[in-house]
Amino acid sequence: MRIVSGKFGGRRLSAVPGMATRPTTDKVKEALFNIIGPYFDGGNSLDLFGGSGGLSVEAVSRGIDQAVLIDRQYQAIKTIKKNIAVTKHPELFQVFKMDAVKALNVLAKKGFQFNLVFLDPPYAKQQIVKNMTAMAEKKLLADGALIVAETDETAKLPLEDWDCFSFLKRQSYGITFLTIYRYKKEQ
Numbered sequence: 056m057r058i059v060s061g062k063f064g065g066r067r068l069s070a071v072p073g074m075a076t077r078p079t080t081d082k083v084k085e086a087l088f089n090i091i092g093p094y095f096d097g098g099n100s101l102d103l104f105g106g107s108g109g110l111s112v113e114a115v116s117r118g119i120d121q122a123v124l125i126d127r128q129y130q131a132i133k134t135i136k137k138n139i140a141v142t143k144h145p146e147l148f149q150v151f152k153m154d155a156v157k158a159l160n161v162l163a164k165k166g167f168q169f170n171l172v173f174l175d176p177p178y179a180k181q182q183i184v185k186n187m188t189a190m191a192e193k194k195l196l197a198d199g200a201l202i203v204a205e206t207d208e209t210a211k212l213p214l215e216d217w218d219c220f221s222f223l224k225r226q227s228y229g230i231t232f233l234t235i236y237r238y239k240k241e242q
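All the letters of the sequence shown, read from the start, carry residue numbers 56 to 242 under this note's numbering.
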């Protein structure tokens, strides 16, 4: 794994040891950022299931101002911090060890708002629609925020506009599916 592009491009990243976490491949990561960016003019990102932290490190490398990463596994947090160290700019990242539901509550109380959100939960434990709805209710999303869900083919995500989310695209890369939405504040 590596940082594909941007100011930290080419630097090597570590994977979380064991089989509990599956990192986004460089091919899928590059395709994803070509769809949603490829570069950003600031903003804040949230990775609710941080894993190795590769998506957030890539987003900061491509111009995101601040990335918040959440994971509940000790080994994932350790790997995230190791990968952040590769950038030599730890001040651009905040890491929290907790589960997704608790994290959304904590982030809302702290007044966070995000322009880009990555949702790549363990495939067997996907609650993406529920997570997105909670983020909207807790006002964690900036108007126009992009939400990227990485799933397998069994995920039952809406492929149309729903509530305050506009469906933008669904793309498959082998067994990996990327589904992208845009948040619109309700009038």
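All C-beta atoms in this analysis are idealised placements derived from N, C-alpha and C, irrespective of residue type, glycine included.
Backbone CA spacing between residue i and residue j [nearest angstrom]
i      : j      : result
Gly199 : Leu223 : 12 angstroms
Thr209 : Asp216 : 20 angstroms
Asn138 : Thr231 : 23 angstroms
Lys110 : Lys84  : In the sequence as displayed, the identity of residue 110 is Leu instead of Lys. Roughly 7 angstroms separates the two Cα atoms.
Ala70  : Tyr129 : 13 angstroms
Lys211 : Thr188 : 15 angstroms
Gln242 : Leu233 : With a pLDDT of only 48 at Gln242, under 50, the local geometry of the prediction cannot be trusted, and no value is derived from it.
Thr142 : Ala86  : 22 angstroms
Candidates the options, of which the one nearest residue i by Cα
i      : options                : result
Ala163 : Met56, Val123, Thr206  : Val123
Val172 : Val150, Leu101, Ala140 : Leu101
Phe220 : Lys211, Gly229, Met190 : Met190
CB contact below 8 angstroms: residue i versus chain D
i      : result
Gln149 : Among the protein chains of the structure shown there is no chain D, as only one such chain exists.
Nonlocal neighbours in the same chain, by C-beta distance under 6 angstroms from residue i, ignoring five residues either side
i     : result
Gly97 : Asp120
Phe95 : Arg117, Gly118, Ile119
Arg67 : Arg57
Proximity below 8 angstroms, CB of residue i to CB of residue j
i      : j      : result
Ile183 : Tyr238 : no
Asn89  : Asn170 : no
DSSP beta-bridge partners of residue i
i      : result
Ser227 : Phe232
Ala204 : Leu174, Thr234
Residues near residue i by beta carbon distance below 7 angstroms, same chain, minus five either side
i      : result
Asp126 : Phe104, Gly105, Gly106, Ile132, Ile135, Lys152
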